[in-house]
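If you read the sequence shown in the working numbering, its first letter stands for residue 5, the second for the next number, and so on. Everything on this sheet refers to the single structure shown next.
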Amino acid sequence: MGALDAGQAGGNGNYSDGQFFGLLDATDRQMALIDEHIGLIANLHEQALAATSEVKHRQISSDRDQLVDDTNGIIASVKQNLGVLARAVDDPTIPKAQRVAQASRQQSLAKKFADQLQRYRQMEYRYSQRNRERLERQYRIARPDATDEEVASAIDSDQAGQVFAQSVMQSSRVGDARRVLRDVEERQADIKKIEKTINELAQMFVEVSDMVNRQQEVIDSIDVAVEDAHVQVQTGRKEVTNAIVYRIKARKKTWIILALVLLIIVIIVIIVYFTVIKK
């Protein structure tokens, strides 16, 4: 299921609960697939590290790169869907109770996605470090006296393969120079690809974390509005109660006044009767 568009919304531009939670569930399933892919990528990383032949390493790297591209596509789709869900929650015409339910679910899924990105990034970082350690060992075999700075510079150099090959030749292992050159270039290419993925994941993690924080602000604002409405209702009820009490008291006073008036009239009639009519 793809992102909701205007054509899928109701006539007033709102998304129904069915549409909202349908996209949310579809996004959750995409994230489950990402978890599966992360496991497969980690396995291919291990195979690439253990590969002893150039042909095997290239095949594994090709399979892994394709899986990484597929995974990145799913990740981009999940991020887009989370953005759509966040915008749907921002609609002020949605009933507050519905907005709270939707915002909470969207935020929960966004947090889960952020954690997933972090796990993926950490896995890639670990493999990148292991690749660097492998290259470091190769370089130190050729140049046991190399300093840490020289090793790091050789690994990070754009001509790393040539640097390594030259070191091998200088160590009287000329026959291995060509093989080392290809292996180092492939390993360094792996490191660059992984570091690119790590940087992209780090940036996306920041963006998704910001989305989580913004959604919390939406939830907080809705809670404040609900609390204000509750206070207003309580105030209104109190005012109505006071009005009823006042009305009852007013009626009671009216009846008392009427009773007094009637009593006065009766007294006047009696007085008139005994003082005027009786005479």
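By construction, the Cβ of each residue, glycine as well, lies at the ideal position given by its N, Cα and C atoms. Being a predicted model, the structure only gives us computed values, none of them experimental.
Burial state of S284, where buried means 16 or more other Cβ atoms lie within 10 Å: Summary: the structure shown does not reach residue 284, with the chain confined to residues 5 through 283, and so no result is reported for it.
CA-to-CA distance, L71 to I45, given in whole angstroms: 7 Å
Among N76, Q102, D74, nearest to G22 - alpha-carbon criterion: Q102
Pick from E211, K115, R134 that is closest to D194, judged by C-alpha positions: R134
Pairwise C-alpha distance: I202 and R125: 5 Å
At least 3 beta-carbon pairs within less than 8 Å: the region 99 to 118 vs the region 25 to 41: yes
Euclidean distance between Cα positions of L53 and V82: 30 Å
Whole-Å CB distance - V155 paired with R138, under 8 Å assumed: In fact, because the Cβ distance is near 12 Å, the residues do not count as touching under 8 Å.
Extent of the continuous alpha helix (DSSP H) to which T279 belongs: Careful: T279 lies outside any alpha helix (DSSP H) and carries neither H nor E.
For I223 and L262, the rounded distance between their alpha carbons: 58 Å
Whole-angstrom distance between M35 and I79, CA atom to CA atom: 8 Å
Length of the line joining the Cα atoms of D67 and V59: 12 Å
Which of helix, strand or coil DSSP assigns to A54: helix
Opening and closing residue of the alpha helix (DSSP H) in which S20 lies: Premise fails: S20 is in no alpha helix (DSSP H) and is neither H nor E.
C-beta neighbour in chain B for E221, strict 8 Å: Chain labels in this structure do not include chain B; a single protein chain is all it has.
Proximity below 8 Å, CB of I198 to CB of R123: no
Cβ-based burial, R141 [other Cβ within 10 Å; buried from 16]: exposed
Per-residue DSSP class, three states only, for S161: coil
Cβ neighbour criterion (16 or more within 10 Å) applied to N47: exposed
Contacts around S213, its chain only, beta-carbon distance under 8 Å, and the 5 residues preceding and following it disregarded: A118
Unbroken alpha helix (DSSP H) run spanning I145, endpoints: 100 to 146
Whole-number beta carbon distance between A55 and Q219, since they are thought to touch under 8 Å: Contact flag wrong, Cβ pair sits at about 44 Å.
I159 beta carbon less than 8 Å from that of R136: yes
CA-to-CA distance, I248 to W259, given in whole angstroms: 17 Å
DSSP state of D94 mapped onto helix, strand, coil: coil
Simplified DSSP assignment, three categories, for A36: helix
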